[in-house]
Structure formats: C-alpha cells, structure tokens
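69 is the number of the first residue of the sequence shown in our numbering; add one for each residue after it.
Ideal Cβ placement from N, Cα and C applies to all residues, glycine included.
Right, one structure below, let's go through it.
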Amino acid sequence: MNTATCSNWNQLADRTLSGDCLSRPECLAVLQAADDVLLEQLAAAYRVRRHYWGNRVRLHYLLNAQSGLCPEDCHYCSQSKISTAEIEKYPLLAKDKILAAAGRAAELKAGTFCMVISGRSPNESTFQRVLDAVESVKANYDLKICACLGLLSAEQTDRLAAAGVDRVNHNLNTSEAHHADICTTHEFGDRLNTVNHVKAAGITTCSGGILGMGESDDDVIDLALALRELGVTSVPVNFLIPISGTPFAEVNSLTPRQCLRILCLFRFLLPSQEIRIAGGREVHLRSLQPLGLYAANSIFVGDYLTTAGQAAHQDWQMISDAGFVLEAADGSPLTETSTPLTAIGLSSG
Ligand code: SF4
C-alpha cells in the first residue's frame, strides 16, 4: 500500500475488527485520501463503530465550573495566562450552581456530566469542594460524572475514586513531538502521568486531543497511537476553535472532509473506544456534522468551555434524522429518541 492510496477500506475495517493495528502507511492513506472516497472510508469506519456501539449516541454535558485565571500557557486556550480573550473569569462555582447545571444536563438527556475547572491543578480547598459537589450530584441525579481538574497526583485520583467520580478527563492534546509547540509550562510526560494515575485509581480514563494546531499527519497518528497504547476508554476529538486573543487565533487548517478523515482514523486505531466529537464540531464539520456520527459515537450537548454549541434540539434532531438513537447513562438506548417537530418550532405539514 502506498502512503496515500488504499484500494479497499473495508479490508482496514476487517483488520481492525480482528484486532490488528493499522500500519503507518495505512494510517497516512486514511488521512491523505481523496475526497471522492470519503463516503467509502466512512462506511468502513461505521462497520467498526456499529460492531461496538450499534447505532447509539452518548451525550455529554460540560460545565466550566471554574473559568480563566490559569497560570499555564496552552496556546489554544482562552483561559491561559497569555490569552487576552474576553471571557468570563470566576473561581469554583458554588455547589447550588453546580447542582443546577447537573439538572440541566439531565434535562438535555446527557448521560455524563463533565465538571471542568481551569488551572494547572486544584489546590486542596478547591479539590475538597469539588469532592463535595460530586457527592451531591451523585445523590441527586442518575448521571455519570467526569471530572477534568488538570494535573493530578496519585493521592488525588484515589480520593476522586472514593468520592464516586466515574471518569476523569485529561487530554494528551497532541503528539509528544508537537507538545512543546502548543504549551511550554508543562510537558507531555506530565499529562501521561496524570492519565496513568487515573488508571491506577480504577477510574475510567477519558483522554483525547485537539486537532488543527499545526500538527503533521504523523503527529495525528502518534496521538491516536499513544491513546491506544494507554488503553484509554473515552476519546474526545476536539477541532481547534481559533479564539481571538490566543496565540492560535489565526490557525485554521481544517476542512470538514479532513475532520471526517481524522475521525475515521481514530475509529480504526481506537475501535472499541467511546469516540466523542468534542469542541469545534459545529465550527469545522458544519453541514457534515451528521456524517461524523458514522465514525464517532458520542457528542457534547450544550455549550463548550468558553464557546457556544448549537441548540440541544438541533443535536437531538440530527441524531434522530440520521437513524441513530440516544443512549442512557447505563448504556441502554433511550426509547424516546426523537424530538416532536412542534417542540422545535417546526410543523410537520
Ligand atoms: S487548557 Fe487548562 S491548563 Fe491549559 S491554559 Fe487552559 S485551563 Fe490552563
């Protein structure tokens, strides 16, 4: 197989389903394929997605529980110390606000409530308040909880496990080789350590990346392979939203078709994992968003950390129109899958 050609995408799906890992030339072929074979690639990726996930789609809901004021310099992030983006900045929200957000997550049919706080890692007082909020959310809602709290020690991940946190998100973000181009205040190895602490604590691992930050195709492959080697369970695939006031404000290399090829590659290399189209879905996939569901099996509903997402009813409608069904927190399909047209202001006549 040449680097940018593949005559049979279904063979890649067969090999993936039999447990093989694609070779680097095969991975490059996925990323560098011509637009006119995109539907064939998606059909092959869908065979793998359907094997593990059927036609179910998981919804996650994000709460930016503490915003801005971060001492790190992640170049993509509006909350970093070097960002001049005009965003709301606040310390950890009070418990009643966190509970209200969890209520909103349940209302929007999300199975997982993701609590994110800005910062390198939480201090003891913030950490204790997060544990307290986790216990209250668990007591009041049938939601899985994912905590994204920055770099964590083994002692902190053990305490999160004891408090009932279901999963912890900590993204590798990019390849090891590209990491120094996106952040200088911590290293790729720091991120790996946190994910390994999460694993050791017996908490489900959620780790993915941000694509479109000037990385090469080899960096994309290295990221996916690193996540495969770590054995993470859930993989958010973000597409960079260039935010004014950040160093990456003008970086915009993605096309909707390239985003779909990246999602196909992730499905081939991470076949059984929960792959989530995360930030940048609306910005970069645009009218091709539903096609992303043929490779990925999860999306965020509601807004992102500091940018708005599309309305929840549009997400539900997209899922239903494409023949997919929502999944409950326990993994079972939700029976009420479609939104009545009248509820979204459309008449069926
Ligand atoms: S990504 Fe996290 S650690 Fe990096 S600047 Fe933003 S809030 Fe800080």
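Would DSSP call residue i helix, strand or coil?
i	result
Pro401	strand
Glu274	Reading the sequence as shown, one finds Cys at residue 274 and not Glu. Of the three classes helix, strand and coil, the one that applies to Cys274 here is strand, per DSSP.
Val247	In the sequence as presented, Val is not what sits at residue 247; that position holds His. His247 falls in the helix class under three-state DSSP.
Glu192	helix
Asn261	helix
Asn241	strand
Val116	helix
Glu175	helix
Asp88	coil
Phe307	strand
Phe368	strand
Ile343	strand
Glu140	coil
Leu279	strand
Ser204	helix
Asn70	With a pLDDT of only 44 at Asn70, under 50, the local geometry of the prediction cannot be trusted, and no value is derived from it.
What's the gap between the Cα of residue i and the Cα of residue j?
i	j	result
Glu395	Leu131	20 Å
Thr225	Arg235	10 Å
His247	Ala178	32 Å
Met69	Gly399	Summary for Met69: the model assigns pLDDT 47, below 50, so the residue's position carries little reliability, and this model does not support an answer.
Val305	Cys214	16 Å
Ala411	Pro358	Low per-residue confidence applies at Ala411: pLDDT is 41, beneath 50, and the placement is therefore not dependable, though the value from the model is reported in the following sentence. Near 21 Å, if we compare the C-alpha coordinates of Pro358 and Ala411.
Leu279	Tyr144	11 Å
Val393	Arg117	14 Å
Leu219	Asn78	40 Å
Leu337	Thr262	22 Å
Asp249	Leu322	18 Å
Ile185	Ala201	13 Å
Ala207	Tyr158	26 Å
Ala168	Phe195	20 Å
Asn237	Pro190	14 Å
Phe307	Pro401	28 Å
His381	Leu373	20 Å
Gly377	Gly348	9 Å
Ala230	Leu260	22 Å
Glu223	Ser193	15 Å
Phe146	Glu154	According to the sequence shown, residue 146 is Ser rather than Phe. Those two C-alpha atoms are separated by around 8 Å.
Asp287	Ala346	19 Å
Ala292	Asn123	23 Å
Arg227	Gln109	43 Å
Asp389	Asp383	10 Å
Gly299	Asn264	10 Å
Thr84	Ala97	15 Å
Val198	Pro315	31 Å
Glu297	Ala112	23 Å
Asp104	Gly136	43 Å
In the DSSP assignment, find the beta strand (DSSP E) that holds residue i and state where it starts and stops.
i	result
Ile213	Lys212 to Cys216
Val184	Thr180 to Ile185
Phe316	Per DSSP, Phe316 belongs to no beta strand (DSSP E) and is neither H nor E.
Leu394	Val393 to Glu395
Quick one, which of the options has its alpha-carbon nearest residue i's?
i	options	result
Ala170	Ala390, Gly391 and Gly370	Gly370
Cys332	Ala245, Tyr362 and Glu283	Tyr362
Asn365	Gln341, Ala111, Gln385 and Arg354	Gln341
Leu328	Gly313, Arg344 and Phe316	Arg344
His352	Leu373, Ile309 and Ala390	Ile309
Leu356	Met386, Pro339 and Ala379	Met386
Ser221	Ala268, Gly280 and Asp200	Ala268
Cys274	Cys182, Gly360 and Val205	Cys182
Ser151	Phe336, Pro324, Ile311 and Asn320	Ile311
Asp210	Arg188, Arg197, Gly348 and Leu176	Leu176
Glu94	Gly282, Leu106 and Leu80	Leu80
Tyr120	Leu96, Gly87 and Asp103	Gly87
Gln161	Arg172, Cys142, Gln326 and Ala133	The amino acid at residue 161 is misidentified as Gln; the sequence shows Leu. Residue Ala133 is the option with its Cα nearest to Leu161.
Glu318	Val300, Ala245, Ile289 and Gly282	Gly282
Gln100	Asp285, Glu156 and Arg126	Asp285
Ser91	Val303, Ile289 and Phe316	Ile289
Phe256	Leu107, Val266, Asn239 and Pro339	Asn239
Ile166	Ser204, Gly187, Gly360 and Pro139	Ser204
Thr242	Leu137, Lys212, Gly270 and Val303	Val303
Asp141	Thr375, Tyr114, Gly313 and Leu295	Gly313
Arg335	Leu295, Arg354 and Glu350	Leu295
The alpha helix (DSSP H) with residue i in it runs from where to where?
i	result
Thr84	Trp77 to Leu85
Ile387	Ala380 to Asp389
Pro93	Arg92 to Leu99
Tyr129	Here Tyr129 belongs to no alpha helix (DSSP H); instead the beta strand (DSSP E) covers Arg124 to Gln134.
Val288	Asp285 to Leu298
Arg354	Looking at the DSSP string, Arg354 is not in any alpha helix (DSSP H), and its letter there is neither H nor E.
Leu160	No alpha helix (DSSP H) holds Leu160; DSSP gives it neither H nor E.
Ala230	Ala222 to Ala231
Ile330	Pro324 to Leu337
Is there a Cβ of chain D sitting closer than 8 Å to that of residue i, yes or no?
i	result
Glu192	Given the protein chain composition of this structure (a single chain), no chain D is represented.
Q. Whose beta carbon lies closer than 5 Å to any heavy atom of ligand 1, going through the chain in order?
A. Cys138, Glu140, Cys142, Cys145, Gln147, Ser148 and Ser186
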